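Participant:
In the working numbering, the protein residues as written are 4 to 92.
1. Spatial neighbours of residue 42 within its chain, please: CB distance less than 8 Å, with the 5 preceding and 5 following residues excluded, ordered by chain position.
2. Would you kindly work out how many angstroms separate the C-alpha atoms of residue 71 and residue 62, rounded to a whole number?
3. Would you kindly work out how many angstroms separate the C-alpha atoms of residue 60 and residue 50, rounded to a whole number?
What follows is the structure, given as structure tokens:
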């Protein structure tokens with residue numbers, strides 16, 4: 004059976020409060036770490052690397068040359084458009 008809260012000892016109540024403070028401090032520290040700009044940037048870079056690897060490699064780890072060539076061609080085309088647009092101004 005659980006004890007009636009009014010019958011708990013002062014020491015037990017203080018121990019419960021201390022434990023709650025420790026848990027709360029841990030939660031606050033974790034939230035602070037997760038929301039730090041450096042941590043957010045690190046997670047975004049890691050996500051980008053994972054997506055890039057998935058897009059440019061097969062499941063066995065082989066390079067997908069056709070996808071890399073397509074991306075390179077698209078980049079060259081965009082660069083060409085940007086240069087042409089700049090010259091036109």
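Idealized CB from N, CA, C, for every residue including glycine. Note that the structure is a prediction, hence the values are computed from the model and not measured.
Facilitator: Reading it off the structure:
1. 36
2. 16 Å
3. 15 Å
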